[in-house]
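Worksheet for the structure shown next.
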Amino acid sequence: SESGVTLRHGKHKGRLLMPARVQPPKGNNDQEWWPYNYNTAIFSDDGGKTWQTAAPVQSGTGEGTLAELSNGAIYYNSRSHMSVDHRRRIAWSHNGGEMFVDWYVSEYLFEVGEPFYFKYGTRPSYGCNAGLVRLPLQVTGGKDVLLFSTPDNRGGSRIRMSVWASFDGAKTWPVKRLVWAGPSAYSSLAAAPDGTIYLLFERGQKSPYETITVARFNLAWITEER
């Protein structure tokens, strides 16, 4: 899963919130239980001394990402482990990450596939871990600008690490920029106070898992081909 955030808005300001994944009932990755895996979140209101678990997100999800918007809403973007449409799963929280509602399937963000034999039937897609970050409000004029990263090869193998940008609080993702055309897999995004963006991702020439790279850029670079 992606890294967590410190909430900056609303009644839960200061809360630490992290995406989390539940694998019932054995806590492992046995194929027979993949449809029952689900994402959730954990949160702390005392600086990390104690933690509580949020309500579940959608079943069949794993390795989530989340971001807080300026109105205090939490956007949760999930990998789908049992996808037949190769699309990311989305949910929202309006109480500081304690419960996620308004579930839907993204119209803009997709999963890689790499289908292979599943002993309980043919599984069309396994998805991939992804990165997500909201840019600092001081560099966006107070607008909710979010970035999302994952391989861009819907239903296919893990290649073409790319970054998408949303300028309306994750409603749409109209801008995309290719970072690495070759094999690539897991990624994580971070943004500095000055707006510098850091993308940590797996990549290689023949396999996505040969090395780990950090790419550094800014929003202007993502949008210059728009």
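First residue of the sequence shown? That's 346 in my numbering, and the numbers climb one at a time after it.
For every residue, glycine included, the Cβ atom is placed at its ideal position computed from N, Cα and C.
Predicted model, so just to flag it, every value in this text is computed and none were measured.
Cut-off 8 Å between Cβ atoms - residues of its own chain near residue i, not counting five sequence neighbours on either side
i      : result
Val450 : Asp430, Arg432, Arg433, Arg434, Ile435
Gly393 : Leu361
Pair within 8 Å by beta-carbon distance, residue i and residue j
i      : j      : result
Thr649 : Glu347 : With the chain represented from 346 up to 571, any question about residue 649 goes unanswered, as that position is not in the structure.
Tyr421 : Trp396 : no
Leu544 : Leu534 : yes
Arg503 : Ala530 : yes
Lys521 : Ser511 : no
Thr398 : Thr385 : yes
Ser532 : Gly500 : no
7 Å Cβ shell around residue i - same chain, five flanking residues per side excluded
i      : result
Pro369 : Trp378, Tyr381
Asn563 : Gly540, Thr541, Ile542
Ser552 : Pro528
Limits of the beta strand (DSSP E) - the one that residue i falls within
i      : result
Leu411 : 406-413
Val450 : 446-455
Trp437 : 432-438
Gly422 : Per the sequence shown, the amino acid found at residue 422 is Asn instead of Gly. Counting along the chain, the beta strand (DSSP E) containing Asn422 begins and ends at 419-425.
Ser494 : 491-496
Leu477 : 476-479
Same chain only: Cβ atoms within 6 Å of residue i, ignoring 5 sequence neighbours per side
i      : result
Arg554 : Residue 554 is actually Tyr in this sequence, not Arg. So the qualifying residues of the chain are Glu547.
Trp509 : Phe493, Trp518, Lys521
Ala498 : Sequence check: residue 498 is Asn here, not Ala. Contacts found: Val457, Ile504, Arg505.
Ile387 : Met363, Ala365, Trp396, Thr398
Trp566 : none
Gly417 : His354, Gly355
Residue interval of the alpha helix (DSSP H) (run including residue i)
i      : result
Val484 : 482-485
Leu362 : Careful: Leu362 lies outside any alpha helix (DSSP H), inside the beta strand (DSSP E) at 361-367.
Ala565 : 564-568
What runs of the beta strand (DSSP E), each 3 residues or longer, lie entirely inside the stretch 500-541? Runs of the beta strand (DSSP E) inside the stretch 500-541: 504-511, 520-536.
For the stretch 396-407 and the stretch 438-453, state whether three or more C-beta atom pairs, one from each stretch, are separated by less than 8 Å. Touching, yes, given that three or more Cβ pairs across the two stretches are closer than 8 Å.
With three or more C-beta pairs closer than 8 Å as the rule, is the stretch 351-365 touching the stretch 486-496? No, because fewer than three Cβ pairs between the stretch 486-496 and the stretch 351-365 fall closer than 8 Å, the two stretches do not touch.
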